[in-house]
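Using this note's numbering, the letters of the sequence shown correspond one by one to residues 13 to 305.
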Amino acid sequence: MSNVLLLRAANQDSPDRYEDAFRSRGYHPISVPVLESVTVGCEELARRLSIGPEKQSLSGVIITSQRAVEAWSEAAQALIIADSNMPLKPESDWWSVPFYAVGEATSVALRDLSEKIPLYTPRDIRGGSETGTAERLAGFILKDLPSDGTSKKLLYLTGDKNRDILPRILESDGVTLDSLQVYATQGSSMFPHDLSLALEHQGLSWGWIVYFAPSVAEFVTPILRNHFTLPAVNSSIEDYSRLSEHHHVKVAAIGPTTESFLQQILKLSVAVTARNPKPDDLADGVLQHDEAQ
Numbered sequence: 013m014s015n016v017l018l019l020r021a022a023n024q025d026s027p028d029r030y031e032d033a034f035r036s037r038g039y040h041p042i043s044v045p046v047l048e049s050v051t052v053g054c055e056e057l058a059r060r061l062s063i064g065p066e067k068q069s070l071s072g073v074i075i076t077s078q079r080a081v082e083a084w085s086e087a088a089q090a091l092i093i094a095d096s097n098m099p100l101k102p103e104s105d106w107w108s109v110p111f112y113a114v115g116e117a118t119s120v121a122l123r124d125l126s127e128k129i130p131l132y133t134p135r136d137i138r139g140g141s142e143t144g145t146a147e148r149l150a151g152f153i154l155k156d157l158p159s160d161g162t163s164k165k166l167l168y169l170t171g172d173k174n175r176d177i178l179p180r181i182l183e184s185d186g187v188t189l190d191s192l193q194v195y196a197t198q199g200s201s202m203f204p205h206d207l208s209l210a211l212e213h214q215g216l217s218w219g220w221i222v223y224f225a226p227s228v229a230e231f232v233t234p235i236l237r238n239h240f241t242l243p244a245v246n247s248s249i250e251d252y253s254r255l256s257e258h259h260h261v262k263v264a265a266i267g268p269t270t271e272s273f274l275q276q277i278l279k280l281s282v283a284v285t286a287r288n289p290k291p292d293d294l295a296d297g298v299l300q301h302d303e304a305q
């Protein structure tokens, strides 16, 4: 049995499918988060909160992640501190419009926010468990909005990486989205620490490192080189084995886009690329490669 380093955050709500796939094939998978989210545009969001929904002609707010809830919380608390001696203006009351949430976790986070912060926060929270995907939320919103022929505009809080499914469905049905980016994803500042911790507590040999996206590969690879000898393109096995005293590993990629980036940009030799971006296909590829050696 050897360790397999998965460059991704494990699913905390249920058994992680990638870890299960490798574990069932005799490997010891270790997931290390490589990304973190940071709040952006807090001042602009606070300004929107202080203006209130009525003056912005908003029919509601769309919240698609817990990170967006955190951004709303930060903006609301900043307003409360800044206006501690001033009463809440009626037009700043966000109780009057519905907040549409993707999934139960986001819905619960919004309810918790309303209980903790009395001002600038929602009371009418809709969706939740029955709107766990963008498609379902879009359909729910279209059915829920009044069909009186008036224009509909929703404040849509986003990150820096968003699929276009929800906006496309809503806008094609005449709903206007006022999009505002409130968080961004970047390389995790804790990755060097988390990686060192994972290495410190694992006694098995290291066999593989699995990359899941080009966007993080350039960030994590220099850090990985402090602990691992990564196989380079055009290096022979003999050269590779003499490179350093670090852990010698093989590299796997979740798909062809990631493989291409690793080989062409980072000049890493990729031993395995999953036939499909699925846990079983990835783990099967790694196992078949090892069995053929």
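Think of the CB as a built atom: it goes at the ideal place given N, C-alpha and C, for glycine as much as any other residue.
Assuming contact is defined by CB atoms lying nearer than 7 Å, are SER62 and LEU19 in contact in what I supplied?
Here residue 62 refers to the residue found at position 50 of the sequence shown. Here residue 19 refers to the residue found at position 7 of the sequence shown. No, they are not a contact pair.
From ILE42, ALA83, HIS239, residue whose alpha carbon lies closest to that of CYS54
If you number the sequence shown from 1, residue 54 lands on position 42. Out of ILE42, ALA83, HIS239, ALA83 has the C-alpha closest to the C-alpha of CYS54.
Compute the Euclidean distance between the alpha carbons of ALA41 and GLU116, then round it to the nearest angstrom.
Here residue 41 is taken as the residue at index 29 of the sequence shown, counted from 1. Here residue 116 is taken as the residue at index 104 of the sequence shown, counted from 1. Here the sequence assigns Pro to residue 41, which means Ala is not the residue at that position. So the two alpha carbons sit approximately 29 Å from each other.
Run through the DSSP bridge pairs and tell me what THR285 is partnered with.
What you label residue 285 is simply residue 273 of the sequence shown in a count that begins at 1. Bridge partners of THR285: ALA265.
Using the beta-carbon count (16 or more within 10 Å), is GLY38 buried or exposed?
Stepping through the sequence shown from its first residue, residue 38 is reached at position 26. Classification of GLY38: exposed, given that the 10 Å Cβ count is below 16.
So what's HIS205 in DSSP terms, helix, strand or just coil?
Your numbering for residue 205 matches position 193 in the sequence shown. Looking at HIS205 - three-state DSSP - the assignment turns out to be helix.
Consult DSSP for ASP28 and reduce its assignment to one of helix, strand or coil.
By 1-based counting over the sequence shown, the position of residue 28 is 16. If DSSP states are grouped into helix, strand and coil, ASP28 belongs with coil.
Straight-line gap, VAL46 to SER201 (C-alpha atoms, nearest Å):
Residue numbering aside, residue 46 sits at position 34 when the sequence shown is read from its first letter. Residue numbering aside, residue 201 sits at position 189 when the sequence shown is read from its first letter. If I take the Cα positions, the gap works out to 8 Å.
Return the bridge partner residues of TRP218 from the DSSP annotation.
On the sequence shown, position 206 is the one that residue 218 refers to. Beta-bridge pairing links TRP218 to ASN15.
Contacting residues, own chain, Cβ-Cβ under 6 Å from PHE34 (five flanking each side not counted):
The residue labelled residue 34 in the question sits at position 22 within the sequence shown. Cβ within range, chain order: VAL16, PRO41, ALA295.
What residue does the beta strand (DSSP E) around ILE42 start on, and which one ends it?
Locating residue 42 in the sequence shown gives position 30, counting from the first residue. Secondary structure note for ILE42: its beta strand (DSSP E) is the uninterrupted segment 40–43.
Does the Cβ of TRP107 have 16 or more other Cβ atoms within 10 Å, making it buried, or fewer, making it exposed?
Position 95 of the sequence shown, counting from 1, holds the residue named residue 107. With fewer than 16 Cβ atoms within 10 Å of its Cβ, TRP107 is classed as exposed.
Between which two residues does the beta strand (DSSP E) containing PHE231 stretch?
Within the sequence shown, numbered from 1, the residue matching residue 231 stands at position 219. No beta strand (DSSP E) holds PHE231; the alpha helix (DSSP H) holding it covers 226–236.
Which residues DSSP lists as bridging PHE111, in chain order
Counting from one through the sequence shown, the residue named residue 111 turns up at place 99. Answer is VAL73, ILE137.
So if DSSP puts TYR223 in a beta bridge, which residue, or which two residues, is it bridged to?
On the sequence shown, position 211 is the one that residue 223 refers to. In the DSSP output, where bridge partners are listed per residue, TYR223 has ALA265.
For ASP172, name the three-state secondary structure that DSSP assigns.
Position 160 of the sequence shown, counted from the start, is the residue given in the question as residue 172. Looking at ASP172 - three-state DSSP - the assignment turns out to be coil, as it is neither helix nor strand.
Specify the secondary structure class of LEU211 as computed by DSSP and reduced to three states.
Translated into positions along the sequence shown, residue 211 becomes position 199. Three-state result, LEU211: helix.
Assign ARG287 to buried or exposed, taking buried as 16 or more other Cβ atoms, counted over all protein chains shown, within 10 Å of its Cβ.
Residue 287 sits at position 275 when you count from the first residue of the sequence shown. Counting Cβ neighbours within 10 Å, ARG287 comes out exposed, since fewer than 16 surround it.
Residues bridged to PHE240 (per DSSP):
Along the sequence shown, read from residue 1 onward, the residue named residue 240 stands at position 228. Partner(s): HIS259.
For THR162, the three-state DSSP class (helix, strand or coil):
Along the sequence shown, one-based indexing puts residue 162 at 150. It is coil, neither helix nor strand.
For LYS67, count the other beta carbons within 10 Å of its own beta carbon; 16 or more makes it buried, fewer makes it exposed. Which is it?
Along the sequence shown, read from residue 1 onward, the residue named residue 67 stands at position 55. Flag for LYS67 reads exposed.
Do the CB positions of ALA113 and ILE75 come within less than 7 Å of each other?
Position 101 of the sequence shown, counting from 1, holds the residue named residue 113. Position 63 of the sequence shown, counting from 1, holds the residue named residue 75. It is a contact, given that the beta carbons lie within the stated cut-off.
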